[in-house]
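Worksheet for the structure shown next.
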Amino acid sequence: MSFTVAVALKRQDLTPHEPTVSAAIPFPWEKVQVAAVDQTRATSTIVAALYHGAKEVRPFDDLELCRKEKGKGAVIAAEVKGLRAPGFDLGNSPREVAQHPEAIRGKALALYTTNGSKTIVAVPPSVPLFAFSLFNVTATALAMARQARSLPHAVIACAGTEGEAALDDLLAAGLLAETLLTLGGEPRGDGVHLALSVARAWQGRELPCLFQSQAGQNLLAVGLEEDLPFCAQKDRFPVVVMRSADGALRKLELV
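Numbered by my numbering, the letters in the sequence shown go through residues 148 to 402 in order.
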């Protein structure tokens with residue numbers, strides 16, 4: 148069974164109000180499954196939170212809408228320019244979530260970030276969507292391959308950084324694409340070849356890649372570089388994270 152694998156280099160490339168994914172990826176949305184990644188750090192935070200017992204993660208593309216979730220009993224987390232937004236319970240740190248799981252265990256986590264949460268929201272709600280990072284690359288690839296018969300176009304949607312393609316996202320996207328190719332996927336378009344090139348160039352050197360990336364440099368600038376070694380752990384939290392019909396991200400219980 149073969150299926151196609153493509154990579155959107157940044158959120159702004161997606162065309163959610165058009166019949167197809169983007170100008171460069173002319174797949175109809177109804178035949179697509181998406182894996183969204185903001186490696187440093189939103190999807191890493193999402194995966195870590197669900198692995199450590201959060202009931203669900205609700206992504207937001209508006210800071211104030213996310214803030215209002217506090218009144219609904221959610222733990223609210225938000226990042227603006229790398230730092231925790233004023234008045235929020237948490238920032239956007241997977242390390243913080245893993246070190247203090249009691250803060251989110253059994254609770255809904257509402258999350259707003261500069262790039263990642265917006266990317267998830269940008270994908271039409273009817274489209275099956277996975278959230279992944281280095282933490283759960285292999286688990287995500289296996290899950291996508293299982294549903295490729297009915298959804299033959301696997302699109303990896305990178306968040307990007309400051310409106311540009313991001314080295315760290317391309318690393319994670321390339322590792323996912325590489326695994327999908329071993330499971331019967333066929334590369335389509337320049338984006339996937341670019342991501343594969345990045346992953347192969349940095350194979351076994353994920354941490355230096357994260358430090359080299361703009362996102363990594365941004366964390367260094369605000370004193371949060373300790374998150375980078377944590378985010379560089381491949382397959383550390385092997386869970387499948389998928390968006391539900393209500394828009395929340397939940398850990399998929401495999402049978």
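Backbone N, C-alpha and C define an ideal beta-carbon position, used for all residues, glycine too. Values in this document were obtained by computation on a predicted structure and should not be read as measured data.
Span separating the alpha-carbon of residue i from that of residue j
i    : j    : result
G338 : A295 : 20 Å
Q350 : S344 : 10 Å
V369 : G229 : 7 Å
K178 : P299 : 6 Å
V402 : V387 : Caution is warranted here: a pLDDT of 48 is assigned to V402, below 50, making its placement in the model unreliable, and the coordinate value is therefore given only provisionally. For V402 and V387, the distance between alpha carbons rounds to 12 Å.
P175 : R335 : 14 Å
R205 : N365 : 25 Å
Y198 : L317 : 23 Å
F384 : A319 : 14 Å
T342 : G234 : Looking at the sequence shown, residue 342 is not Thr but Ala. Taking the straight line from one Cα to the other gives about 37 Å.
E216 : G321 : 34 Å
D208 : V268 : 7 Å
G307 : G253 : 31 Å
G200 : Q180 : 25 Å
A313 : L354 : 15 Å
M389 : A182 : 9 Å
Residues that residue i bridges to, as DSSP identifies them
i    : result
L184 : With the sequence shown as reference, residue 184 is identified as Val, and Leu is not the correct amino acid for it. Beta-bridge pairing links V184 to C305.
R231 : E226
L258 : P206 and A224
C154 : The sequence shown places Val at residue 154, not Cys. Its beta-bridge partners are I303.
S390 : A small correction: the amino acid at residue 390 is Arg; Ser does not occupy that position in the sequence shown. According to DSSP, which records beta bridges pairwise, R390 is partnered with L396.
T167 : P175
A278 : A183
L237 : A224
Buried or exposed by the 16-neighbour rule on C-beta atoms within 10 Å, applied to residue i
i    : result
P166 : exposed
R293 : exposed
S405 : Here the chain covers residues 148 to 402 and nothing more, so residue 405 does not appear.
P376 : exposed
K404 : Summary: the structure shown does not reach residue 404, with the chain confined to residues 148 through 402, and so no result is reported for it.
D315 : buried
E309 : exposed
R347 : exposed
E243 : buried
E226 : buried
T329 : exposed
L281 : buried
S360 : buried
A170 : exposed
R352 : exposed
E311 : exposed
E203 : buried
G332 : buried
L323 : buried
S149 : exposed
L367 : exposed
4-residue-minimum alpha helix (DSSP H) runs that sit fully inside the stretch 312 to 351, ordered along the chain: The stretch 312 to 351 contains these whole alpha helix (DSSP H) runs: 314 to 329 and 337 to 348.
The stretch 183 to 193 touching the stretch 210 to 222, judged by at least three CB pairs closer than 8 Å: No contact exists between the stretch 183 to 193 and the stretch 210 to 222.
Any 3 or more C-beta pairs closer than 8 Å across the stretch 245 to 262 and the stretch 274 to 294: As far as the Cβ criterion goes, the stretch 245 to 262 does not touch the stretch 274 to 294, which means the pair count is below three.
The stretch 368 to 384 / the stretch 226 to 244 touching (three or more Cβ pairs under 8 Å): Short answer: they touch.
Any 3 or more C-beta pairs closer than 8 Å across the stretch 154 to 169 and the stretch 252 to 261: No, because fewer than three Cβ pairs between the stretch 154 to 169 and the stretch 252 to 261 fall closer than 8 Å, the two stretches do not touch.
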